[in-house]
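Numbering (our numbering), first residue to last: 4 to 427.
Working notes, beginning with the structure itself.
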Amino acid sequence: MNHQSTNSPNSAQSSLARSRGAGSQGLRIGRIAGIEVTLDWSLLIIFILISFTLAAGVLPTWHPEWSQPIILITAVTAALLFLASVLLHELSHAVVGRRLSISVPRITLFVFGGMAHMEGEPRSWKDELGMAIAGPITSLALGFGFLYLAGALAGPIEADPEKPMDLLSSLGPVATVFFWLGPINIVLGLFNLVPGFPLDGGRVLRAVLWGLSGDLLRATRWAAAAGQAFGLLLIASGFAMVFGLTVPVFGSGPLGGLWLALIGWFLSNAAAMSYRRLATEQGLGRISVSRVMQRDPATVAPETSVQAIIDDHLLGHGQRAFPVVKGNDRLQGLVCLADIRKLEPSKRSETPVSAIMTPVDELQVAAPSESASAVMKRLGERGINQMPVLKDGRLVGLISRENLLTWLSLQQGSAHEAKLSARS
Numbered sequence: 004m005n006h007q008s009t010n011s012p013n014s015a016q017s018s019l020a021r022s023r024g025a026g027s028q029g030l031r032i033g034r035i036a037g038i039e040v041t042l043d044w045s046l047l048i049i050f051i052l053i054s055f056t057l058a059a060g061v062l063p064t065w066h067p068e069w070s071q072p073i074i075l076i077t078a079v080t081a082a083l084l085f086l087a088s089v090l091l092h093e094l095s096h097a098v099v100g101r102r103l104s105i106s107v108p109r110i111t112l113f114v115f116g117g118m119a120h121m122e123g124e125p126r127s128w129k130d131e132l133g134m135a136i137a138g139p140i141t142s143l144a145l146g147f148g149f150l151y152l153a154g155a156l157a158g159p160i161e162a163d164p165e166k167p168m169d170l171l172s173s174l175g176p177v178a179t180v181f182f183w184l185g186p187i188n189i190v191l192g193l194f195n196l197v198p199g200f201p202l203d204g205g206r207v208l209r210a211v212l213w214g215l216s217g218d219l220l221r222a223t224r225w226a227a228a229a230g231q232a233f234g235l236l237l238i239a240s241g242f243a244m245v246f247g248l249t250v251p252v253f254g255s256g257p258l259g260g261l262w263l264a265l266i267g268w269f270l271s272n273a274a275a276m277s278y279r280r281l282a283t284e285q286g287l288g289r290i291s292v293s294r295v296m297q298r299d300p301a302t303v304a305p306e307t308s309v310q311a312i313i314d315d316h317l318l319g320h321g322q323r324a325f326p327v328v329k330g331n332d333r334l335q336g337l338v339c340l341a342d343i344r345k346l347e348p349s350k351r352s353e354t355p356v357s358a359i360m361t362p363v364d365e366l367q368v369a370a371p372s373e374s375a376s377a378v379m380k381r382l383g384e385r386g387i388n389q390m391p392v393l394k395d396g397r398l399v400g401l402i403s404r405e406n407l408l409t410w411l412s413l414q415q416g417s418a419h420e421a422k423l424s425a426r427s
């Protein structure tokens with residue numbers, strides 16, 4: 004599954020917050036081994052889908068004699084234990100990571116599985132390999148363990164090998180749950196070994212390529228290309244299933260096909276985003292905020308009316324956010340276009356900026372000496388577009404996502420030109 008500085012098909016962090024601070028989605032269920040565990044609300048989709056599939060199809064076929072309450076309880080129990088298996092998969096990444104001195108503060112379970120959030124990339128290809136392989140090994144161990152428990156609970160059974168349904172119908176509810184969980188976890192482990200980034204197998208591939216080339220970014224680019232190719236293959240297979248074709252391993256049917264195509268789309272996009280994120284972190288990691296920030300940004304006073312900002316500042320500047328200052332460049336807050344849009348036009352002339360701004364104590368701020376890469380990461384995590392830059396409590400600039408991406412594109416363009424010149 005996924006471990007991200009921030010994977011898995013059954014394995015993306017979305018932060019939706021405005022400039023007032025962090026907005027987090029999902030339900031925090033507590034800590035395991037010191038690691039915060041969060042359930043994204045999208046997890047309800049996979050829980051309901053698994054429960055429905057078991058209750059409406061699998062269990063009535065295996066046990067036609069069972070009552071509806073027993074079927075429902077067994078289905079829900081199996082779905083919950085499957086999600087617990089996914090959690091154990093991600094915990095294995097986190098535990099191994101911590102033993103390798105890689106901080107993993109939290110795990111998120113969502114509709115495509117799980118994601119262990121790492122703070123930074125592994126320090127070596129060996130660390131990457133150790134973390135990546137831990138998840139599939141855990142899933143495979145769980146799968147064979149569940150099958151062993153199912154067999155132990157079932158005991159010696161005399162059944163005709165040509166009539167497997169007789170064997171299934173002889174299992175009790177607990178053994179049935181274990182018998183279903185075994186193959187599912189084995190498939191999950193094997194699927195995650197596919198060498199396409201950001202699946203665990205793709206991270207194993209990246210570790211090997213990193214070890215051979217000594218270049219993490221190049222290894223990530225190759226592994227991400229494999230991940231995108233695999234994602235496109237899943238999309239094509241999914242649409243083939245939708246149109247009635249039978250795909251080896253996956254079968255046929257419109258519902259399964261759409262789900263497979265959705266997984267492929269997620270994997271392809273996750274692979275591309277993972278490479279872009281690393282390229283951005285490495286490209287910005289060597290410069291400070293002072294190099295790319297907007298110096299002397301247009302500012303407004305707290306008593307300025309919202310309409311005055313529109314007339315005198317917003318329409319005449321490229322800025323979309325304005326620091327609110329008072330006295331000797333002492334920051335009071337920040338007002339952005341989204342704040343203005345929320346105010347009724349009829350009230351803009353009489354409303355001061357101080358009434359709609361984000362107060363300074365609720366703002367994310369940067370320091371001139373801070374790494375541009377660290378600021379880009381905070382912007383992404385907080386779901387915001389800009390930060391005021393303060394030195395000794397005074398406003399010295401404004402740093403935005405646009406500033407950072409513009410600088411990065413210029414540097415990448417210069418590097419590309421240099422390569423062309425070297426070849427000519």
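Glycine included, every Cβ here is placed at the ideal spot set by N, Cα and C.
Local conformation of residue i per DSSP, three classes
i	result
M379	helix
F253	coil
T409	helix
R101	helix
Q414	helix
S27	Since pLDDT at S27 reaches only 45, below the 50 mark, its modelled position is unreliable, and no value is offered.
S352	coil
V488	No answer is possible for residue 488: the residues shown for the chain start at 4 and end at 427.
P362	strand
A20	Model confidence at A20 stands at a pLDDT of 28, short of 50, so the residue's coordinates are unreliable and nothing is read from them.
I308	In the sequence as presented, Ile is not what sits at residue 308; that position holds Ser. In this structure, S308 counts as strand in the three-state DSSP scheme.
R206	helix
M276	helix
V79	helix
G386	coil
L346	coil
L258	helix
G60	helix
Limits of the unbroken alpha helix (DSSP H) element including residue i
i	result
V303	Taken as a continuous stretch (DSSP letters only), V303 belongs to no alpha helix (DSSP H), as it is neither H nor E.
A178	P176 to N195
T41	Segment I38 to L42 is the beta strand (DSSP E) holding T41; no alpha helix (DSSP H) there.
L156	W128 to A157
S240	L219 to V245
L52	L46 to T56
W69	Note, W69: premise wrong, no alpha helix (DSSP H); not H, not E.
Residue of the options minimising C-alpha distance to residue i
i	options	result
P391	T409, M379 and L366	L366
Q414	G286, E39 and E373	G286
V114	I187, I313, F50 and H96	F50
A375	G256, R404 and G100	R404
L143	L170, H92, A157 and G175	H92
R289	G400, Q322, S372 and E306	S372
L170	G146, G185, A153 and P186	A153
E68	L156, I313 and S173	S173
L193	A232, F200 and G204	G204
S104	R126, S95 and A119	R126
R122	W225, E284 and F149	Per the sequence shown, the amino acid found at residue 122 is Glu instead of Arg. Of W225, E284 and F149, the residue nearest in Cα terms is E284.
L47	R221, G116, N272 and L346	G116
P305	I313, K329, D299 and G217	K329
Q389	N195, A97 and Q322	Q322
Q335	R397, L248, R381 and L83	R397
L42	W183, R294, I387 and L86	L86
T361	G175, I387 and G256	I387
V197	G185, D218 and A226	A226
R381	I110, R280 and D332	R280
A243	A232, T56 and G259	G259
K3	V356, L236 and V207	Nothing about residue 3 can be read from this structure; the chain reaches only from 4 to 427.
Presumed contact (8 Å Cβ cut-off) between residue i and residue j, rounded CB distance
i	j	result
P326	L337	6 Å
V180	A81	5 Å
L112	V89	6 Å
G241	A264	3 Å
V292	I402	5 Å
G234	A274	6 Å
P139	H120	Going by Cβ atoms, the distance from P139 to H120 rounds to 19 Å, so no, they are not a contact pair.
N406	V295	5 Å
Which residues DSSP lists as bridging residue i, in chain order
i	result
Q297	L401
A369	V392
K329	R333
F113	G116
R34	E39
S374	S291
A324	C339
Residue range of the beta strand (DSSP E) that includes residue i
i	result
F200	Run containing F200: none; DSSP gives neither H nor E here.
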